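Below is one structure, written out as structure tokens; comments come after it.
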Amino acid sequence: MSETIAAIATAHGIGGICIVRISGEEALSIALSLSHRSSLRPRYATLVNLFDASGEAFGEAILIYFKAPHSFTGEDVVEVQTHGGFTASSLALDAVLALGARIANPGEFSKRAFLNGKMDLSKAEAISDLINSRSQSAAKILARNLRGELADFVANLRAALVKTLAFVEVCIDYAEDDLPSDVLQNSQEMLSQNIASLEKITRISRSRRGLIEGFKVAIVGKPNVGKSSILNSMLSFSRAIVSDEAGTTRDLIEESLQIGTHLIRIVDTAGIRHSGSKLESIGISYSLRAASEADVILAVFDASREWDAEDAQILKILREQKGKKIIYVLNKCDLLRKFHPSAEDLGDDLEAFSAKNFAVKNPISENFAAENLKQSQTCDASLNSCAQNLKAKNLKHDLSAQNFTSINSAPTSQTALANSINLVGQNSAAKAGLASLNTERATVSCAAENFTQDDFKQNSSNSIAPSSSAINSAGQNTQANSIFTPLEISANEGVDQILTALESYLNSQNFDGLMLSNERQILSCESALAALKNASERLACGELELFAFEINRAIEAIARISRPFERDEILDEMFSNFCLGK
Ligand SMILES: Nc1nc2c(c(=O)[nH]1)N(C=O)[C@@H](CNc1ccc(C(=O)N[C@@H](CCC(=O)O)C(=O)O)cc1)CN2
Ligand SMILES: Nc1nc2c(ncn2[C@@H]2O[C@H](COP(=O)(O)OP(=O)(O)OP(=O)(O)O)[C@@H](O)[C@H]2O)c(=O)[nH]1
Ligand SMILES: [Mg+2]
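Per the UniProt record's numbering, the sequence shown starts with residue 1, numbered consecutively.
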């Protein structure tokens with residue numbers, strides 16, 4: 001019998017209402033003793049008085065009883081909704097504990113929900129991340145995972161892999177000459193589709209981590225161009241020291257800032273130059289690191305000074321940041337302009353300082369679901385013939401869904417078939433879900449993508465028009481580092497142009513697709529990917545047992561996202577990061 005647990009489920013602070021949540025077999029009897037009631041009608045709100053052990057009434061509350069298994073945890077749950085603030089809820093919690101519940105560990109309600117099959121890990125993580133998320137963009141992505149879209153992705157991939165395994169199991173049993181001719185080829189095709197879809201989701205998820213964690217924006221430039229002044233202006237308070245001495249900022253200064261629906265983490269850096277000072281050099285090495293880790297670089301130049309070797313050095317560093325969004329900012333435009341770099345000075349970056357700004361949309365559909373569906377269809381045809389073969393061999397087997405998880409013993413035909421059979425049902429349910437998902441996607445206009453230089457084909461070149469006049473907001477996606485025009489600003493006026501440019505860039509990143517929301521999920525996909533690549537090589541060499549081994553590894557890795565086999569370690573690690581009462 002699992003213990004009955006309790007905790008305050010609402011945030012600690014002053015508010016209208018607090019909820020004490022109780023879950024476990026004793027939840028109802030504790031609630032009845034607490035309220036001096038003889039029964040509670042499930043899923044009804046009941047107004048009661050609360051009584052302590054001595055029979056003294058200490059407050060009023062609304063009780064809601066969720067009868068097992070129809071509750072968040074799958075166990076009997078009672079919610080005690082008290083008045084807000086610190087005292088009413090803690091009195092209620094104390095009384096509940098006195099009646100035999102124990103205080104819940106962080107994440108324990110969600111862990112029980114997982115263990116009772118109420119949700120898989122991808123949903124549990126989406127809840128936890130949602131609670132901690134700080135931007136609406138993050139909340140939207142997490143809501144998709146909460147609705148089970150990531151769980152569907154995993155289930156489909158897993159089903160496709162199990163089927164591949166089934167093909168090959170059949171082949172192992174065949175004499176080499178009798179091998180069905182198309183089976184190996186179909187398997188290879190399915191593998192490459194799965195590899196492509198995993199590559200895509202990991203690539204997208206890595207490049208869009210900023211949506212969840214906050215995009216990193218680094219302010220970079222030579223000393224004294226006004227980087228710290230711009231930071232202060234963007235934050236609307238004096239965060240960084242500003243002075244007319246070059247080399248003022250030494251450490252990285254990071255602050256969070258909400259822009260539209262996005263969260264950014266903006267970093268002011270030490271001005272980059274050749275410096276004799278040890279301290280300053282350390283600061284400069286930090287600047288370079290910040291630039292390389294940033295999602296977006298604000299490259300700041302000083303309009304009041306002539307172009308010099310230090311500016312050239314900054315351009316050189318920027319050119320090394322391949323494929324990164326760079327917003328060029330020409331600061332101090334309130335002063336007499338002396339900044340007139342020649343075409344030769346700018347080289348490849350000429351356009352950055354002269355071209356008129358433009359925006360490019362590059363809609364690339366992100367139909368993971370469609371891909372998966374395709375895979376399972378290809379799979380179905382070949383699998384059916386495999387399954388027939390197996391049946392013909394009249395194999396008796398244990399239909400446990402978990403059998404294919406064993407990586408120590410090479411899987412047998414029986415287990416492969418068992419799993420394929422087991423997953424067929426799930427797969428068709430998932431397919432139904434996917435079909436509706438696809439329809440939904442079809443109506444969604446996909447936002448621009450820009451990961452690699454390849455993705456920015458030159459549909460932009462015709463919009464370049466030479467112009468040396470002051471120019472509006474910063475660019476959208478264009479070919480990696482170039483063809484941007486500087487924003488002409490002064491730190492006191494015009495910083496809103498930077499905010500607008502950032503927002504339009506971030507909006508273009510805010511694609512409406514499926515995404516892995518944390519490192520654990522990305523790593524699981526990456527190890528599945530590595531195993532599939534090995535599997536493909538093994539298959540090409542005809543090493544079928546080793547192929548099966550690698551496929552099993554991939555299945556295990558991908559399953560870690562939703563239902564891991566090494567449950568205890570992962571669960572303890574994961575749920576302990578939840579907040580109390582969840
Ligand atoms: N008062 C309250 N509000 C809340 C929660 C809660 O636990 N209590 N939630 C906590 O996160 C979220 C809602 N999530 C929930 C998920 C499942 C069930 C639940 O009782 N599920 C049952 C019955 C389903 C049904 O009737 O449709 C089940 O799955 O069997 C409750 C809340 C947000 N708001
Ligand atoms: N007139 C004018 N002065 C500015 C502007 N922006 C910054 N300044 C001045 O330029 C000097 C340097 O500004 P900072 O913001 O400290 O420059 P920085 O790039 O952070 O310098 P380091 O930290 O040394 O790399 C200060 O005296 C600022 O007041 C501007 O737009 N117009
Ligand atoms: Mg500074």
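In this text, a Cβ means the ideal position worked out from N, Cα and C, and glycines have one as well.
Predicted model only: the values in this text are computed from it and were never measured.
So, is residue i buried or exposed, given that buried needs 16 or more other C-beta atoms within 10 angstroms?
i: I8; result: buried
i: P69; result: exposed
i: Q81; result: buried
i: A11; result: exposed
i: R208; result: buried
i: E108; result: buried
i: E529; result: The sequence shown places Leu at residue 529, rather than the Glu named in the question. It is buried - the Cβ of L529 has at least 16 other Cβ atoms within 10 Å.
i: T4; result: buried
i: A531; result: buried
i: R43; result: exposed
i: D348; result: exposed
i: H262; result: buried
i: S576; result: exposed
i: L330; result: buried
i: P101; result: Rather than Pro, the amino acid found at residue 101 in this sequence is Ala. Buried, by the Cβ-count rule.
i: D129; result: buried
i: D268; result: buried
Using CA atoms only, rank isn't needed, just tell me which of the options is closest to residue i.
i: S197; options: F72, L157, K163; result: L157
i: I17; options: A151, P564, T87; result: T87
i: L99; options: E125, V77, I30; result: I30
i: K123; options: L315, L298, N518; result: N518
i: M190; options: K316, A535, E545, V96; result: A535
i: L50; options: A218, L93, D76, A559; result: L93
i: M515; options: T46, E149, N105, E26; result: E149
i: S243; options: V225, I259, E255, S236; result: V225
i: S137; options: T202, S292, I264; result: I264
i: L315; options: V48, K222, N552, Q188; result: K222
i: L257; options: Q193, N232, R250; result: N232
i: G13; options: T249, S23, S90, S133; result: S90
i: L288; options: L330, S33, I219; result: I219
i: Q185; options: S39, R134, A540; result: A540
i: E293; options: G117, K325, Q313, S236; result: K325
Kindly examine ligand 2 and report whether one of its heavy atoms sits closer than 7 Å to the Cβ of residue i.
i: L335; result: yes
i: A218; result: no
i: D311; result: no
i: Q491; result: In the sequence under discussion, the amino acid at residue 491 is Ala, which differs from the Gln named in the question. The answer is yes for A491.
i: V154; result: no
i: residue 622; result: Residue 622 cannot be examined here, being either before or after the span of the chain that is shown, 1 to 582.
i: K278; result: no
i: K533; result: no
i: S275; result: no
i: D244; result: yes
Give me whichever residues DSSP pairs with residue i in a beta bridge.
i: N49; result: E60
i: N331; result: D302
i: V20; result: I8, V80
i: I555; result: None, per the DSSP bridge assignment.
i: L490; result: The sequence shown places Ser at residue 490, not Leu. The partner list for S490 (beta bridge, DSSP) reads E493.
i: I326; result: I297
i: G221; result: V300
i: F215; result: I264
i: P42; result: Y65
Flag residue i as yes when its Cβ comes closer than 7 Å to any non-hydrogen atom of ligand 1, and as no otherwise.
i: E75; result: no
i: K67; result: no
i: P79; result: Correcting the residue identity first, residue 79 is Glu in this sequence and not Pro. Yes.
i: S122; result: no
i: H70; result: yes
i: I19; result: yes
i: K322; result: no
i: K111; result: no
i: K118; result: yes
Please confirm whether any heavy atom of ligand 3 lies closer than 7 Å to the CB of residue i.
i: D268; result: yes
i: A240; result: yes
i: S228; result: yes
i: T248; result: yes
Would you verify that the beta carbon of residue i is, or is not, closer than 8 Å to some beta carbon of chain D?
i: S205; result: No chain D is present in this structure, which holds just one protein chain.
_Secondary structure, beta strand (DSSP E): runs of 3+ residues fully inside the stretch 58-118_ = 77-83
*Entirely enclosed alpha helix (DSSP H) segments - the stretch 252-321, minimum 4 residues*: 278-293, 309-320
*Entirely enclosed beta strand (DSSP E) segments - the stretch 135-193, minimum 3 residues*: none
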